[in-house]
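First residue of the sequence shown: 122, per this note's numbering; consecutive thereafter.
A virtual CB, placed ideally from N, CA and C, is assigned to each residue, including glycine.
None of the values given here were measured: they were computed from a predicted structure.
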Amino acid sequence: MEDCLTALGFQLEIDAARETIEVLGQGGEVPSKSAELFVGNSGTTARFISPLAALGQGEYHLDGVARMRERPIQDLVQALTMLGVEVVCPTGCPPLTIHARGLHGGCTTIRADASSQFLSGLLLAAPCASGETIVHLEGPILSAPYIEMTVAMVRQFGGEIEVDETGRTYRIPGGQTLQSPGQYSIEPDASAASYFFAAAAVTGGCVRVPHLSLAALQGDVAFVKVLEQMGCDVLEGDGFLELRGPQQLRGVVVDMNAISDTVMTLAAIAPFADSPTVIENVAHIRHKETDRLAAVTTELQRLGVRVEERPDGLTVYPATDLLPATIQTYDDHRMAMAFAITGLRSPGVVIENPGCVAKTFPAFFTRLEELCAAG
122 MEDCLTALGF QLEIDAARET IEVLGQGGEV PSKSAELFVG NSGTTARFIS PLAALGQGEY
182 HLDGVARMRE RPIQDLVQAL TMLGVEVVCP TGCPPLTIHA RGLHGGCTTI RADASSQFLS
242 GLLLAAPCAS GETIVHLEGP ILSAPYIEMT VAMVRQFGGE IEVDETGRTY RIPGGQTLQS
302 PGQYSIEPDA SAASYFFAAA AVTGGCVRVP HLSLAALQGD VAFVKVLEQM GCDVLEGDGF
362 LELRGPQQLR GVVVDMNAIS DTVMTLAAIA PFADSPTVIE NVAHIRHKET DRLAAVTTEL
422 QRLGVRVEER PDGLTVYPAT DLLPATIQTY DDHRMAMAFA ITGLRSPGVV IENPGCVAKT
482 FPAFFTRLEE LCAAG
């Protein structure tokens, strides 16, 4: 994302030591008249940068790694096309080229069951369009908490978004000037926190995450409620969220559509429950960094765990003794982090290509080691 924003001409100053990013806004305009936008394997970047580039005046080419060229983006392309944006995308996946002449508003439709980020990308850019934008959703709504988070954040920057009572039609007035609050504090990453909560769950330990609450904008904070159903104790205090693991985890049946980034976390600890764990309604995660349902099934089976894979989910059965094995990550950061937690209970687990966690959490293994050392 940083590289793509820089290529578009935006000025960013990142201070890793202070954990701050300073961005100089451009009043809804894109400085660069052309750019090569390499997104790697970041679907989020592709889905957010494309509508942003449409605000510009020029030609913008977006591409990624081989896996990115297999990840569908046609729904977003069609939505932008309905708004008058010229997008060339021959395969329905990257690469694509946007011939931008500004975003002028209009009425568009987008499917809600492929990725909520298609809608989020439109909602982030639409306030800066010259005219009003109306977006209609079709199909089942996927990962609704992320859509709600997007709307909330735009409003925090002074933007106006109207949502009808069905949650399917969004009206965004054009010509808005978003206002920086000056300093904006980002919540702790609830998806990243899920691994440490899961670590406590499988070891019977206790983990406290400061500055995170059940009222967080992020939907993935609800993962702790799943762990609570499995027998964990959850405590929300003044400025922290704490979880204590039980002596024995219970299996659960859970619809994870709204918290799908934590599917692999749950699957990775499910063998240690006393009954099967059923994960439902997550067919869309087959189009992530890898086919996550197939990948987690393969790697759990490599450990000797019985798994039943379905088109939209999994059933993971209890396993008394896991086999030692080297876990393939498929260059997917969440595979590496999830199975590292499995390894806390099964010493024979080895993670192939652990460096793939650098995509979202470079210090993950350092933090996990610190947690283990603290007991």
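Next on the checklist: Which runs of the alpha helix (DSSP H) at least 4 residues long sit entirely within the region 224-287? Give them in chain order.
Outcome noted: With a minimum length of 4 residues, the continuous alpha helix (DSSP H) runs that stay inside the region 224-287 are 237-246 and 265-277.
Checklist entry - Three-state secondary structure (DSSP) at residue 316? => result In the displayed model, residue 316 falls within a helix according to three-state DSSP.
Item to check | C-beta contact flag for residue 442 and residue 474 at 8 Å | outcome: Not a contact, by the Cβ cut-off of 8 Å.
Checklist entry - alpha helix (DSSP H) containing residue 387: first to last residue? => result Unbroken alpha helix (DSSP H) run through residue 387: 384-390.
Checklist entry - Looking only at DSSP bridge pairs, what is residue 301 linked to? => result DSSP output for residue 301 lists no bridge partner at all.
Item to check | Close Cβ partners of residue 459 (< 6 Å) along its chain, the five nearest in sequence each way excluded | outcome: Residues 385, 386 and 389 of the same chain have their beta carbon placed closer than 6 Å to that of residue 459, with the five preceding and five following residues left out of the count.
Next on the checklist: Can you find the residues in the same chain that come closer than 7 Å, C-beta to C-beta, to residue 345, ignoring five residues on each side of it along the sequence?
Outcome noted: Once the five neighbours on either side are set aside, the close Cβ partners of residue 345 are 318, 355, 362 and 364.
Next on the checklist: Under 8 Å, with one C-beta from each stretch per pair, do the region 240-256 and the region 170-177 reach the 3-pair mark?
Outcome noted: In this structure the region 240-256 touches the region 170-177; the number of beta carbon pairs closer than 8 Å is three or more.
Next on the checklist: Please give the ranges of any alpha helix (DSSP H) in the region 417-494, keeping only runs that are unbroken, at least 4 residues long and fully inside the region.
Outcome noted: With a minimum length of 4 residues, the continuous alpha helix (DSSP H) runs that stay inside the region 417-494 are 454-463.
Item to check | C-alpha gap between residue 279 and residue 273, whole angstroms | outcome: Those two C-alpha atoms are separated by around 10 Å.
Checklist entry - Does the pairing of the region 199-207 with the region 225-233 give three or more beta-carbon distances under 8 Å? => result Because the criterion of three Cβ pairs below 8 Å is met, the region 199-207 and the region 225-233 touch.
Item to check | The alpha helix (DSSP H) enclosing residue 199, as first and last residue numbers | outcome: In the DSSP assignment, residue 199 falls within the alpha helix (DSSP H) that extends over 195-203.
Checklist entry - Quick one: any contact between the region 319-327 and the region 283-303, if contact means 3 or more CB pairs under 8 Å? => result Verdict: no, contact absent.
Checklist entry - Assuming residue 382 contacts residue 312 under a Cβ cut-off of 8 Å, what Cβ separation, rounded to an integer in Å, is found between them? => result 4 Å between Cβ atoms; contact.
Item to check | Reduced DSSP category for residue 221 - H, G, I as helix; E, B as strand; rest coil | outcome: Here DSSP, grouped into helix, strand and coil, assigns residue 221 to strand.
Next on the checklist: If I follow the unbroken alpha helix (DSSP H) through residue 345, where does it start and stop?
Outcome noted: Run containing residue 345: 344-350, per the alpha helix (DSSP H) assignment.
Next on the checklist: Could you tell me the alpha carbon to alpha carbon distance between residue 251 and residue 222, rounded to whole angstroms?
Outcome noted: When only Cα atoms are considered, residue 251 and residue 222 end up about 11 Å apart.
Checklist entry - The alpha helix (DSSP H) with residue 170 in it runs from where to where? => result In this chain, the alpha helix (DSSP H) harbouring residue 170 covers 164-175.
Checklist entry - What number of angstroms, rounded off, separates the C-alpha of residue 137 from the C-alpha of residue 483? => result Rounded to whole angstroms, residue 137 to residue 483 spans 12 Å at the Cα level.
Next on the checklist: Please tell me whether residue 417 and residue 426 are closer than 8 Å, where the distance is taken between their beta carbons.
Outcome noted: By the CB criterion at 8 Å, residue 417 and residue 426 fall outside the cutoff.
Checklist entry - If we count the other Cβ atoms within 10 Å of its Cβ and call it buried at 16 or more, is residue 301 buried or exposed? => result Burial call: exposed.
Checklist entry - What are the boundary residues of the alpha helix (DSSP H) that residue 127 is part of? => result Where residue 127 is concerned, the enclosing alpha helix (DSSP H) stretches over 123-128.
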